[in-house]
Each structure stands twice: as structure tokens, then as C-alpha cells.
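All remarks here apply to the structure that follows.
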Amino acid sequence: MDLLDRILELKRSKNAVILAHYYQNPEIQDIADFIGDSLELARAAKSSQAETIVFAGVHFMAEGAKILNPEAKVLLPDLRAGCSLSDSCPPHRLQAFRKANPDHFVISYINCSAGVKALSDVICTSSNVLKIVDKSPKNRPILFAPDRNLGAWAIKKTGRTMDLWPGSCMVHETFSERKLIDLKTRYPQAKVIAHPECEPHYLDHADFIGSTSALLNHVTESPELEFIVATEAGILHQMKKRAPNKYFIPAEPNQNCACNECPFMKLNTLDAIAACLETGGPEIHVPALVQKSARNALELMLEWSQ
Ligand code: 13P
Ligand code: SF4
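Residue numbers 508 to 813, in the numbering used here, belong to the letters of the sequence shown in order.
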């Protein structure tokens, strides 16, 4: 039996679904039952009736799925699939901040561990961040963790004042402004579209800024034909599928490397997906106390982003 048939057969026999993020390799995106941005994936995980959810993404996403759907068995094909942004905010450091700043209302970007979610008042994603910041209490200081770039963009768009945790995504910080200016000269018709995890000076060049799904919808609906795409390169697969008549130019990293690919996301492979379905592991577990508080913060996000 070939690998794809094996995965299909295992999915059937284990009553499993595969949820995948747009930064996965094309062959994984193509076998997924559901593909989306972080908010859509969280909603899909919560409403899934499957016994097993295979999360083709990174650790914090699989943890989020487990928190929102504790009845399901949640598998992450490769446990090493972490996130530099999530790592920049260990729970003990946020706990120390909370202790020293008890008045702060804490908004955490979903790209954080379950421990950080449990210490947060509300969670946001790149697609609902402006709504969540807008709805946050006006009479309390706010900490936005852990992505300083997304937080700075939200400050600019909402006019709210927030303290920013000094974290960032290693993929989105790698884009070179100098090379972008060069690309714009070479492709004068191209529109620049960027994820808000990019640095503020980089975002200043963007014609459109949004989550992965928002970027995808934008290129599909826009009358423009050429786009310079400043986010992880995996999204180009869906863009080419949905708008085959358009031309997509990946934004270039600082160095001559494939640094616009997330090394964590790319750890997942079809072999690892088949193996985890076969063996039922690695399975994601979240301690009960963490689960309860983290779920409150995630549920508040879902309520506020309706
Ligand atoms: P979104 O798909 O929600 O825009 O998130 C991007 C990201 O960096 C996920 O790691
Ligand atoms: Fe984390 Fe950045 Fe990779 Fe997303 S792209 S998982 S934020 S390191």
C-alpha cells in the first residue's frame, strides 16, 4: 500500500482527522481534512467529533486543540515542532511579571505555551488581534505577549497603549528591507502583502497586512496580478492553487538561506503522520489546572471574536 493510501486507511480505522496549518509542506496541506490559520484551526479542533486529531502544525497549536477539545486524542507527528516565539516567553517569567504588575490585563498571542495561556486573561490570533485589543479593559494597563511586532501593529491600528513582551518569530524577523526595496524595483506592479509578525519598519512597505487566511483571501479577491509575499513560504502553495493566474514572489530573507521556511513547521512529514496514526503517539497532554485556566482565556477569545 502506498503512503497516501496507508494514511487514508489509518484515518478511517482510527476515526481521525488531520488539521494542517498553511506553513506545512504542500503534500501535507493536500491530504489535510482541514487547513486554516490559527483561529480557524482552533475553531475546527473545538468542533471536531473525531476520536483523534492529528495536528500538522507546531506544539502550541496541538496544545490549543487539546485544551479546546479535551475528549479528543491529540497527536503531534513530531514533538520537536516547537516555536521560537513561544519559547521567548516561558511561563515562569510571565508569572513573575504578573506578580510584579498585578493590575495588568494580559493579552497573549496564541503562539505561546499552555502554561502562558493559563496565566493570560485573553488570547488572540493575528486575525482577531485588533478586535481583542479593542475589547480589552480601558481602565487597566495591558501587557501584550509574546510577539512585540504583532503588538506594535495592534497599537498602531487601535491607538491603545500596551506594554510589549520582547518576543518575536525567527521566520518573520528574517525578511530584509533592503532586498524588499530591490524586489519592488524589479517588480514595480507587485503589491506587498505581509504577516503582522514582521518588524514595523518592514510592515511600513506593505500594501496589505493580515493573518495567513487574510493574505490568502486578499490575493484571491484582489484584481491585482502580482504579489510579493512576506510570510512563511508554505502559504505560496495555497495561493498558487487558489489563484493560478497570478504571480507570487516570496519576500527574501537577510541571508542566502531558506530562512523564510519555519524549521519547526517543516519537521512534520507524511511518514511521521502515518507513524503517529499507527502508534497513537506522540500524544499531547495538558495538566488539568493549566487546562482549565488556559481554556477560559481561549474561550474568551472565541467569544470576543464572534
Ligand atoms: P496565522 O496563520 O494565524 O496567521 O499564524 C501564523 C503563524 O505564525 C503560525 O505560527
Ligand atoms: Fe513560531 Fe514563527 Fe514558526 Fe510560526 S513561523 S511556528 S511563529 S517560529
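Where a beta carbon is used, it is the ideal one built from N, C-alpha and C, also for glycine.
Remember, it's a predicted structure, so these values are computed and weren't measured experimentally.
L526 places its beta carbon less than 7 Å from that of F562.
Judged by the Cβ position, N761 fails to qualify as a neighbour of the ligand SF4 at the 6 Å threshold, every heavy atom of the ligand being at least this far. Rounded to whole angstroms, the Cβ separation of W660 and I716 is 7 Å, and the two are in contact under 8 Å. For E790, the shortest C-beta to heavy atom distance toward the ligand SF4 is 6 Å or greater. When C-beta atoms of the stretch 793-808 are compared with those of the stretch 703-715, fewer than three pairs fall below 8 Å, so the two segments do not count as touching. By the neighbour-count criterion, in which a residue is buried when 16 or more other Cβ atoms sit within 10 angstroms of its Cβ, M508 is exposed. A distance of 7 Å or more separates the beta carbons of S643 and F604.
The stretch 578-589 and the stretch 650-659 do not touch, with fewer than 3 CB-CB distances between them shorter than 8 Å.
Excluding the 5 residues flanking it on each side, A557 has same chain C-beta neighbours closer than 8 Å at N522, A523, V524 and A579, in chain order. Under the 10 Å beta carbon count, L687 is surrounded by 16 or more other beta carbons and is classified as buried. Classified as buried, Q536 has 16 or more neighbouring CB atoms from the shown chains inside 10 Å of its CB. E680 has its CB no nearer than 6 Å to any heavy atom of the ligand SF4.
Remark: fewer than three beta-carbon pairs, one from each stretch, lie closer than 8 Å, so the stretch 773-785 and the stretch 742-758 are not flagged as touching. Scanning its chain for C-beta atoms nearer than 6 Å, with the 5 sequence neighbours on each side dropped, one finds around I617 the residues S545, I630 and T632, in chain order. Beyond the five residues adjoining it in sequence on each side, C596 comes within less than 7 Å, by CB distance, of C619, V623, A652, P653, W672 and G674 in the same chain, given in chain order. Within the DSSP bridge table, the entry for A652 names S615 as partners.
For the beta strand (DSSP E) assignment, the uninterrupted runs of no fewer than 3 residues enclosed by the stretch 621-685 are, from N- to C-terminal side, 629-631 and 649-652. Residue side-chain check: T665 keeps its Cβ at 6 Å or more from all non-hydrogen atoms of the ligand 13P. Using a cutoff of 6 Å, the CB of V699 does not count as near the ligand SF4, since none of the ligand's heavy atoms is closer than that.
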